[in-house]
Structure formats: structure tokens, C-alpha cells
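Residue numbers (my numbering), protein chains in the order written: chain Z, 1 to 327; chain A, 1001 to 1282. Backbone N, C-alpha and C define an ideal beta-carbon position, used for all residues, glycine too. Remarks on the structure that follows.
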């Protein structure tokens, strides 16, 4: 079966003052139809750049190499007209903050209808009916009466439902959700995640869920890809990732969850900082912050099968010294 | 979608008192100008030797001028000309400036340079000098004065539109609209323009006041509206010589200019406040 999303050796480079900055560096990933894959990493690790590359939303000056296939069709190198036909139709996106991702002067219903009318020849009235149905589907009560409301009359959770309704309007093969719940309350967050999972179950939409929150991953994802400094360091099923994290970075991330340390103790942190994208170390990019670092880390590890997972590390199964004391 | 539907979804807030005052005064002025033929007690161009520099009275409330013409009637007719010139000048400038600024701000890069640099060059020239040069080439008159004023205000309005577009384009909903598959034209027309036009409306309102002043200045110099058509600037020029004997000839057109400029400024200020992003969320 054709994957909803297939990335092969995707590289994204920006020209920036003192040379090329590599934001995504050799990422290969597959999202099966109907699968929810989490893409996890710290701020600035290239998650959102990867999403923009899939959507073809990067500025023209950006160098994108490798292959991005959405439902079998290559995206890299498409002209603007073809990209436009693809966006919102075969792949669509939900972004972080629903208070800024809806245009304040158009009614919420019109913004859902806009997606439909951008891709299908339907009349105004028909688009309105379709949009109202979608709004009902994503759990907006009395959708017909909410249609003409401007975004500011809706709560954050309701707005994000509108954004999701607009994204799903044309039954895309793939939905990219870039931190869809970060700006929301925890209770609303759970509702939105439940909605994403329900829509996947009902419609078979594949989801690439970008987040820095492992709690979100645990709630909805089938598989997880962990990203560090533009590269994937571990790919595993969600179950496997939480039960047997392989890469020291993943293990450190899990160790740094507030629940992982005993009550009253100092929260565990990963020492150091994400390396500057313009000056990446030659070998393993995590080496400078890694407790298991040895000389072999001077060479870049590759993503290899480890048990049921894939991990890019020379020291996958060595025990990690306690993180609590590391400062 | 239609404008009616759109305004229905727009935020409504109570306007401030100053805005209401500004709008009300303007409405009175515009109505007075429109109804000048009905309101004017006398023919504004009728010369009457028996009424030379007559002081204000019941039938000549604003007095009469050097040629015995009724000042009130002349002010009403002059207001008509001045408002027409000011509004059409700023209107034309806005119509040209908005698409230019929108395109410059949205496209950026060389398109921006191609549009902005020539406008910057216009901006460098002193306003009155530019107007006088244009009139020197095209000849004096209301239409040329309006055109000159439009050319002067074009770069200002285009700049406001451009910077406002730059701000709006950075909003996430613009990226989201692209992610939905909307084309550039559609995004500019539907998402950027309506969100970016506010500051231009404010600027246009304030500039209309200044345009009125500029028209008066040009007419005062004899470069704008030509006699015998009454104009506020022309009346100021007429009254200058008799200021000590018959101040009413000078004072009333001067007052009309001042009131109109203040009203436009108040309206602009009110518009600015109502467009202030603070308080947008309900």
C-alpha cells in the first residue's frame, strides 16, 4: 500500500549570512495510511521546517533535496501551481495557536468553506452546507448557528476544532499537526487529541503529529520519530519507545519528564544546549550532551534496527548514569 | 462574499465622543456644501456696489466682501469646491496607493524595490514645490490642484499600506491560508487587504484635512481654483488687504478651513482608536 507520507533522505538548507544552515539533515520516514506518527524534539530541532517542506511552504531560496512523497506523489520540485493544488487537498496542516491561525475578519464557517472552494467547484450554498457538516463532525455544537461567528467569539478549543475542520475538508491523505495542542488548556488538549484520533479512526487520515510533549505522544501516537538537531535519532512504536527507549537522547527526554523523578527532588535536565545549526559537530550531534560519549562518537552513527526500534547511536543499550545529578 | 455579510461578522465597538463629534461636524459641513444652492442666501458671484465691505447683518450674516458679494454664500460654495478637491485628491491617491503598497509589502524583494524606490523619490520633494511644479506644467485649476495633491499623498499612503501589509503578512492565518491551497491573489485580496487597510483609512482621513489646507494654500497663491469660482484659499487672499477694516471677509473662510481640518483629524484619530488591536478579543 502506498504510504501517506514517505520521506527519503530529506535535506533542507537555508542560506544564512555565514553559509548554509542545515535545518533538516537526511531524514527518512514513512507514515502509513491511517497511522498517527509523532515527531518529537526540542525547539529548533527542525520539526516545523520538516512540516513546511512537506507542505511546500518553504521560501524559494531554500535548498530542499531528497524526496517527499505524499500519497505516492513527489512534492520536491513541484511548481507553485501544483503545490497549491496539493495543499489543503491531499495534505493539510493544523498549526499551534488557533487564535492566530484564523483570520479575525472572516467568519469561522467561511474559513472552512474556503478550503473546499479552493479545490472543488462547488457553489456557495453547497460549500456552506459542507462546511457546516464538517463543523458538526469536529464537535462544534449548533454548527449552523456558529457558522457566521467571527473567530474571537469562539473559545480556543472551539477555534482549534474549526482549524481541524478546515484542514480535513477535502479528506486529505495526510494531516500535519504542528503542536496542535500546545496553546490549549490540558483538558481541552485531551479533547483535541481525542478528536484527532477519532477522525483518524473514522476517516483513515494519516497524521504526522509534531510536538515536544511526550505526554501528547503517549496519548495518541502509534509510532514516534525522535528528532535531534535536524536528524532522526530514534524511530519506534509508541509502546516500544516508552518501554525500551534506545537512544541516550530519548532516554534523557523520558528521564526529564517531571513524573520521572521522585517528589521533592530536583527535576532532571539534559545538560548543555542544542548545537548551533550553522556549526554542527562532525560526529554524533548529541555527543556533547551525552553521558555515554566515547571516542567512537566522533563518527556519525546511522539509524539502525535495535530490537524492535531504530536508533542512531553507538551505545544503544548501555546503562545511562542517573540524570538527576547532572547539571 | 458580499460586503453586507462581511460587516456583520466584524467586531463592533462603541465609538468615542471625539469620533462622533468629528464625524458629526464633517457631516454638517458636507451637507452644507452639498446643499449650498439651497442654503446660500445670495448668489456667491453677484457683485453689488452698495454692499462693499458691509458688516454682518441679518440678511448678510457673514458680511460682504470688497465687491459686495455675500461672504456666507461664498463660504458655502467654496466649501463645496474645497471638499471636492480634497476628497477626490485623497481618494485617487488611496486607490492607486493601496494596490501598490499591498503588492510591494506582500511580494517583497525586487517587486518591492521597483514600487517603493520611485515613491521614495517623490517623498523627498517638498510638497508645495511639487504641487507648484505640476501646476506650472499643467496650468492652474481645481482639477490640476487635486491631481497635484494626489501625487503628493500617493507615496505616503502607499508606504502606510506597505508597512501595514508587512505586519499582516506575518500573521499565521496568511500561512494557513496558503496551506489550504489559496493562491497569492486570493490571499492578498481576502486576507491581507481587509486586515491591512485600517491604518490607510486613518491616514487618508487625516490627509484629507491636510489636502483641504493644501488646496486652500494653492488657491491663496492663485494656483488652485480660479476666480470667479469662490474658494476658501482665494477668499483668504481677497480678505488679506482689508483685514483691519473688514475682518469678516478673512475670518469666516479661515474658520471654515480650521473646522474642517479639525473634524478630519478627529475622525482619523477615532478611526485609529477603533482599529487599535487592544480590545479586539471580546
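Per-residue burial, residue i [other beta carbons within 10 Å of its own, 16 or more giving buried]
{"i": "residue 296 of chain Z", "result": "exposed"}
{"i": "residue 84 of chain Z", "result": "buried"}
{"i": "residue 6 of chain Z", "result": "buried"}
{"i": "residue 89 of chain Z", "result": "buried"}
{"i": "residue 259 of chain Z", "result": "exposed"}
{"i": "residue 169 of chain Z", "result": "buried"}
{"i": "residue 138 of chain Z", "result": "buried"}
{"i": "residue 1121 of chain A", "result": "exposed"}
{"i": "residue 80 of chain Z", "result": "exposed"}
{"i": "residue 223 of chain Z", "result": "buried"}
{"i": "residue 142 of chain Z", "result": "exposed"}
{"i": "residue 273 of chain Z", "result": "exposed"}
{"i": "residue 993 of chain A", "result": "Only positions 1001 to 1282 of chain A appear in the structure, and residue 993 of chain A is not among them; the question remains open."}
Contact under 8 Å by Cβ, residue i with residue j
{"i": "residue 1198 of chain A", "j": "residue 1217 of chain A", "result": "no"}
{"i": "residue 208 of chain Z", "j": "residue 31 of chain Z", "result": "yes"}
{"i": "residue 1105 of chain A", "j": "residue 1205 of chain A", "result": "no"}
{"i": "residue 56 of chain Z", "j": "residue 9 of chain Z", "result": "no"}
{"i": "residue 332 of chain Z", "j": "residue 135 of chain Z", "result": "With chain Z running from 1 to 327 in the structure shown, residue 332 of chain Z is simply not present."}
{"i": "residue 1236 of chain A", "j": "residue 1215 of chain A", "result": "no"}
{"i": "residue 995 of chain A", "j": "residue 1160 of chain A", "result": "Since the first residue shown for chain A is 1001 and the last is 1282, residue 995 of chain A is missing from the structure and cannot be characterised."}
{"i": "residue 331 of chain Z", "j": "residue 192 of chain Z", "result": "Here chain Z has residues from 1 to 327 only, and residue 331 of chain Z is not among them."}
{"i": "residue 1132 of chain A", "j": "residue 1145 of chain A", "result": "no"}
{"i": "residue 1271 of chain A", "j": "residue 1201 of chain A", "result": "yes"}
{"i": "residue 116 of chain Z", "j": "residue 127 of chain Z", "result": "yes"}
{"i": "residue 1142 of chain A", "j": "residue 1085 of chain A", "result": "yes"}
{"i": "residue 1260 of chain A", "j": "residue 1224 of chain A", "result": "no"}
{"i": "residue 107 of chain Z", "j": "residue 148 of chain Z", "result": "yes"}
{"i": "residue 54 of chain Z", "j": "residue 188 of chain Z", "result": "no"}
Reduced DSSP secondary structure (H/G/I, E/B, other) of residue i
{"i": "residue 67 of chain Z", "result": "strand"}
{"i": "residue 14 of chain Z", "result": "strand"}
{"i": "residue 202 of chain Z", "result": "helix"}
{"i": "residue 94 of chain Z", "result": "strand"}
{"i": "residue 23 of chain Z", "result": "strand"}
{"i": "residue 305 of chain Z", "result": "strand"}
{"i": "residue 1002 of chain A", "result": "At residue 1002 of chain A, the pLDDT of 41 sits below 50, so the modelled position is not reliable; the number obtained from the coordinates is stated separately. Residue 1002 of chain A: coil per DSSP, three-state reduction."}
{"i": "residue 38 of chain Z", "result": "strand"}
{"i": "residue 1296 of chain A", "result": "Summary: the structure shown does not reach residue 1296 of chain A, with chain A confined to residues 1001 through 1282, and so no result is reported for it."}
{"i": "residue 9 of chain Z", "result": "strand"}
{"i": "residue 122 of chain Z", "result": "coil"}
{"i": "residue 318 of chain Z", "result": "coil"}
{"i": "residue 1149 of chain A", "result": "helix"}
{"i": "residue 269 of chain Z", "result": "coil"}
{"i": "residue 1244 of chain A", "result": "coil"}
{"i": "residue 87 of chain Z", "result": "strand"}
{"i": "residue 1040 of chain A", "result": "coil"}
{"i": "residue 285 of chain Z", "result": "coil"}
Top-ranked residue by Cα proximity to residue i, from the options
{"i": "residue 1231 of chain A", "options": "A/1023, A/1144, A/1065, A/1079", "result": "A/1079"}
{"i": "residue 70 of chain Z", "options": "Z/33, Z/81, Z/60", "result": "Z/33"}
{"i": "residue 93 of chain Z", "options": "Z/256, Z/292, Z/205", "result": "Z/205"}
{"i": "residue 1074 of chain A", "options": "A/1240, A/1228, A/1266", "result": "A/1228"}
{"i": "residue 265 of chain Z", "options": "Z/272, Z/271, Z/256, Z/273", "result": "Z/256"}
{"i": "residue 1193 of chain A", "options": "A/1181, A/1180, A/1164, A/1096", "result": "A/1164"}
{"i": "residue 23 of chain Z", "options": "Z/37, Z/62, Z/2", "result": "Z/62"}
{"i": "residue 1180 of chain A", "options": "Z/284, Z/234, Z/290, Z/91", "result": "Z/91"}
{"i": "residue 1265 of chain A", "options": "A/1221, A/1219, A/1203, A/1224", "result": "A/1203"}
{"i": "residue 1176 of chain A", "options": "Z/267, Z/82, Z/18, Z/95", "result": "Z/95"}
{"i": "residue 19 of chain Z", "options": "Z/318, Z/282, Z/278, Z/312", "result": "Z/278"}
Any C-beta of chain C under 8 Å from that of residue i
{"i": "residue 72 of chain Z", "result": "The structure shown contains no chain C; the protein chains it does contain are Z and A."}
Review point. In the stretch 1169-1186 of chain A, which residues sit with their C-beta less than 9 Å from some C-beta in chain Z, listed in chain order?
Key: 1171, 1172, 1173, 1174, 1175, 1176, 1177, 1178, 1179, 1180, 1181, 1182, 1183, 1184, 1186
Practice item. Return the residues of the stretch 1191-1222 of chain A that lie within a Cβ-Cβ distance of less than 7 Å from chain Z, sorted by chain order. Key: 1191, 1194, 1195
Check your understanding: Looking at chain A, which residues of the stretch 47-59 of chain Z have a Cβ within less than 8 Å of any of its Cβ atoms?
Key -> 55, 57
Check your understanding: Can you list, in chain order, the residues of the stretch 107-140 of chain Z whose Cβ is nearer than 7 Å to any Cβ on chain A?
Key -> 107, 110, 114, 115, 118, 119
**Study point:** Positions along the stretch 246-263 of chain Z whose CB lies within less than 9 Å of some CB in chain A
**Key:** Residues of the stretch 246-263 of chain Z with a C-beta atom less than 9 Å from some C-beta of chain A do not occur.
Exercise for review: Taking only beta carbons into account, state which residues of the stretch 148-176 of chain Z come closer than 7 Å to chain A, listed in chain order.
Suggested key: Per Cβ criterion, the list reads 148, 150, 152, 153, 166.
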